[in-house]
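Here the structure is laid out as structure tokens; the discussion comes afterwards.
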């Protein structure tokens with residue numbers, strides 16, 4: 001990962017966050033652990049060597065989408081950021097241009113009928129069952145789904161999986177002891 005680009009991104013986020021709430025102000029002192037490392041921990045779950053697309057639902061201040069885009073060195077692997085907030089979208093576009101990333105901001109996910117992607121990521125977006133619905137109904141198949149979830153998501157998922165059959169597992173978060181990462185394959 002380009003530490004120089006991450007440093008530029010973090011500095012920009014902190015300055016922008018003084019005027020507009022991209023992330024909680026209480027997380028600024030721990031931004032590296034809470035946002036950067038938390039986002040980067042899913043890099044091993046993604047094959048950046050393929051010709052592919054990653055769609056990040058609810059990108060917010062760029063997590064995990066911009067962090068993953070900074071890591072990506074493959075010109076044939078593209079990152080799409082879905083963010084409905086105009087202010088956050090402006091920030092994301094500025095960072096993409098400044099850091100010369102292979103990414104784009106596409107706006108509100110609700111406005112799209114179909115999304116073509118090999119990977120879907122979501123962090124602090126919506127409840128897992130809603131993300132699963134979007135994944136099944138709007139995203140071309142097959143694709144992999146990577147969602148940051150809380151400690152009770154496994155129990156909640158049991159109700160959802162009765163009607164949807166797919167392979168999935170939970171991976172322990174490396175940065176949050178009570179959190180997990182949902183990793184599923186939708187066919």
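Numbering (this note's numbering), first residue to last: 1 to 187. Glycine included, every Cβ here is placed at the ideal spot set by N, Cα and C.
In this structure, the CA atom of residue 5 is about 12 Å from the CA atom of residue 68.
Only residues of its own chain outside the window of five on either side were considered, and among them 42, 45, 121 and 183 have a CB closer than 6 Å to the CB of residue 146, listed in chain order. Taking a cut-off of 8 Å on C-beta distances, the stretch 88-104 does not touch the stretch 112-132, as fewer than three cross pairs fall below it. Apart from sequence neighbours up to five positions away, the residues of its chain that approach residue 150 with a beta-carbon distance below 8 Å are 178, 179 and 180, ordered along the chain. With a cutoff of 7 Å on beta-carbon distance, residue 16 and residue 82 are scored as not near each other. Cβ neighbours of residue 89 within its own chain (closer than 6 Å, five residues either side excluded): 83 and 105.
Apart from the 5 residues on each side of it in sequence, residue 65 sits with its Cβ closer than 6 Å to the Cβ of 56, 59, 79 and 81 in its chain, given in chain order. DSSP places residue 133 inside the alpha helix (DSSP H), whose first and last residues are 128-138. Collapsing the DSSP output to three states places residue 172 in a strand. Taking the Cα of residue 116 as reference, the smallest distance to any Cα among 110, 130, 135 and 102 is reached at 135.
Taking a contact as a CB-CB distance under 8 Å, the pair residue 39 and residue 63 counts as one, their CB atoms being some 5 Å apart. Here residue 166 has 184, 185, 186 and 187 as same chain residues with Cβ atoms under 8 Å from its own Cβ, once five neighbours each way along the sequence are excluded. A residue is called buried once 16 or more other Cβ atoms fall within 10 Å of its Cβ, and residue 113, having fewer, is exposed. Per DSSP, the beta-bridge partners of residue 52 are 77.
Residue 87 counts as exposed, since fewer than 16 other beta carbons sit within 10 angstroms of its beta carbon.
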